[in-house]
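S.K.: Numbering (full-length UniProt numbering), first residue to last: 1 to 325. For glycine and all other residues, C-beta sits at the position ideal for the given N, C-alpha and C. One structure, pasted below without further comment.
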């Protein structure tokens with residue numbers, strides 16, 4: 001950091017001794033200005049990884065294309081050549097949260113403006129009832145406005161009404177769909193899942209490590225070891241999710257057509273398949289068990305974690321949905 005401005009005061013802020021050069025001869029602290037702009041802080045944060053820490057790109061390359069190697073190297077004590085697991089995960093988590101926000105900003109989607117209806121609510125309810133629409137969780141897509149939803153909720157018998165949770169959920173979905181087509185709503189839902197995926201991973205991280213601990217020998221492996229494997233695998237998932245988001249955004253610049261939709265779908269499928277393969281490969285490389293035993297454990301772990309993370313994701317998205325205005 002030799003290009004930062006030196007302080008005029010020669011008293012070390014850390015130990016109080018006199019500083020004769022750029023660095024204090026007693027404690028080693030650099031005698032530079034302590035107050036900086038946000039631009040400096042942001043640049044300094046990136047430089048710590050990309051420029052001054054030359055191991056960052058080596059770590060990312062190894063993480064993406066050599067499943068399990070980072071974990072093995074770290075557990076063997078070879079740690080100076082790569083970014084530490086926690087440091088790597090925190091940085092990639094920042095990127096995974098930052099990038100979707102930037103993408104949403106540039107997409108410049110129109111705001112949700114709910115259109116008031118002037119029709120009589122009882123007439124709306126009667127019209128929907130006469131059309132033969134069955135009111136329930138599976139058929140709420142036929143309700144076009146909150147007014148219709150409220151009307152149906154009032155005219156239906158007590159036993160056929162939605163409970164409080166069902167009503168709030170359907171109301172939020174109707175509001176989100178108000179100004180768009182089903183396809184636009186699906187895109188919004190996918191965007192919501194994509195933007196919150198990294199946050200759900202962070203919540204689920206200790207649970208994933210717990211399942212690994214449960215499936216492997218307690219004498220040979222510590223929970224710490226499983227935590228390192230989890231940090232590296234989740235770092236890979238964060239990079240993958242970010243790459244998919246960027247790729248989808250760039251393709252979206254070409255317009256809304258079948259080619260873009262097909263290419264995006266194919267890319268997502270390829271990334272999904274590689275993620276599936278990556279877990280089994282990394283699991284086999286790190287735990288070094290018999291091939292079939294490793295595959296069986298890996299398959300069980302994959303299914304269990306997929307089920308659990310879907311539950312966590314669903315709960316998290318419901319909470320988010322109820323807080324969207």
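Measuring CB to CB, does residue 67 end up less than 8 Å from residue 285?
M.R.: A contact, by the Cβ cut-off of 8 Å.
S.K.: Can you check whether the CB of residue 205 is closer than 8 Å to the CB of residue 301?
M.R.: Against a cut-off of 8 Å, the Cβ pair of residue 205 and residue 301 comes out as no contact.
S.K.: Does the beta-carbon distance from residue 149 to residue 170 come in below 8 Å?
M.R.: Yes, the pair counts as a contact, with Cβ atoms nearer than the cut-off.
S.K.: Would residue 34 count as contacting chain D if we go by Cβ distances under 8 Å?
M.R.: Within the model displayed, chain D is absent; a lone protein chain is all it includes.
S.K.: How long is the line joining the alpha carbons of residue 208 and residue 167, rounded to whole angstroms?
M.R.: Answer to the nearest angstrom: the Cα atoms are 33 Å apart.
S.K.: What three-state label does DSSP hand residue 6 in the structure shown?
M.R.: DSSP places residue 6 in strand when its eight states are reduced to three.
S.K.: With a cut-off of 8 Å, do at least 3 Cβ pairs link the region 69-79 to the region 270-290?
M.R.: Yes: the two stretches touch, three or more of their Cβ pairs being nearer than 8 Å.
S.K.: Quick check: what's the CA-CA separation for residue 96 versus residue 25?
M.R.: Between residue 96 and residue 25, the C-alpha separation is close to 41 Å.
S.K.: By Cβ distance, which residues of its chain are closer than 8 Å to residue 274, with the 5 residues on each side in sequence left out?
M.R.: So the list reads 240, once near-sequence residues are dropped.
S.K.: Under the three-state reduction of DSSP, which class applies to residue 337: helix, strand or coil?
M.R.: For the chain, the structure presents residues 1 to 325; residue 337 sits outside this window and is missing.
S.K.: Use the C-beta contact count for residue 278: other C-beta atoms within 10 angstroms, 16 or more gives buried, fewer gives exposed.
M.R.: By the neighbour-count rule (16 or more Cβ atoms within 10 Å), residue 278 is buried.
S.K.: Does residue 18 come out as helix, strand or coil in the three-state DSSP assignment?
M.R.: It is a strand residue.
S.K.: Which residue comes first and which comes last in the alpha helix (DSSP H) that contains residue 336?
M.R.: Any property of residue 336 remains undetermined from this structure, which presents the chain solely from 1 to 325.
S.K.: Per DSSP, residue 11 forms a beta bridge with which residues?
M.R.: In the DSSP output, where bridge partners are listed per residue, residue 11 has 18.
S.K.: According to DSSP, residue 23 sits in a beta bridge with which residue or residues?
M.R.: Per DSSP, 30.
S.K.: Leaving out the 5 sequence neighbours to the left and right, which residues in its chain are closer than 6 Å to residue 19 when beta-carbon positions are compared?
M.R.: Contacts found: 10, 12, 31.
S.K.: Buried or exposed, going by whether 16 or more other CB atoms sit within 10 Å of the CB of residue 28?
M.R.: Residue 28 is exposed by the Cβ-count criterion.
S.K.: Measuring alpha carbon to alpha carbon, tell me which residue in 263, 297, 62 is nearest residue 217.
M.R.: That would be 297, whose Cα lies nearest to the Cα of residue 217.
S.K.: Are the CB atoms of residue 70 and residue 63 within a distance shorter than 8 Å?
M.R.: Yes, the pair counts as a contact, with Cβ atoms nearer than the cut-off.
S.K.: Keeping to the same chain, check which residues put their C-beta closer than 7 Å to that of residue 226; ignore five residues upstream and five downstream.
M.R.: Closer than 7 Å at Cβ, skipping near neighbours: 209, 212, 213.
S.K.: Taking all protein chains shown into account, decide if residue 195 is buried (16 or more other Cβ within 10 angstroms of its Cβ) or exposed.
M.R.: With 16 or more other Cβ atoms within 10 Å, it is buried.
S.K.: Whole angstroms is fine: what's the gap from residue 313's alpha carbon to residue 90's?
M.R.: Spanning the two alpha carbons is a distance of roughly 20 Å.
S.K.: Note down, in chain order, each residue of its chain lying with its Cβ closer than 8 Å to the Cβ of residue 244, except the 5 sequence neighbours on either side.
M.R.: Contacts found: 194, 267, 268, 271.
S.K.: Would the beta-carbon of residue 99 fall within 8 Å of that of residue 242?
M.R.: It is a contact, given that the beta carbons lie within the stated cut-off.
S.K.: Could you have a look at residue 92 and say whether DSSP puts it in helix, strand or coil?
M.R.: Residue 92: helix per DSSP, three-state reduction.
S.K.: Can you tell me the Cβ-Cβ gap for residue 231 and residue 201, rounded? I've got them flagged as a contact below 8 Å.
M.R.: Wrong, their Cβ atoms sit about 11 Å apart, outside the cutoff.
S.K.: Among residues of its own chain, excluding the 5 on either side of residue 280, which ones have a beta-carbon nearer than 6 Å to its beta-carbon?
M.R.: Around residue 280: 298.
S.K.: In chain order, what residues of the same chain have a beta carbon less than 7 Å from the beta carbon of residue 17, not counting five sequence neighbours either side?
M.R.: 24, 26, listed in sequence order.
S.K.: Would DSSP call residue 81 helix, strand or coil?
M.R.: Coil.
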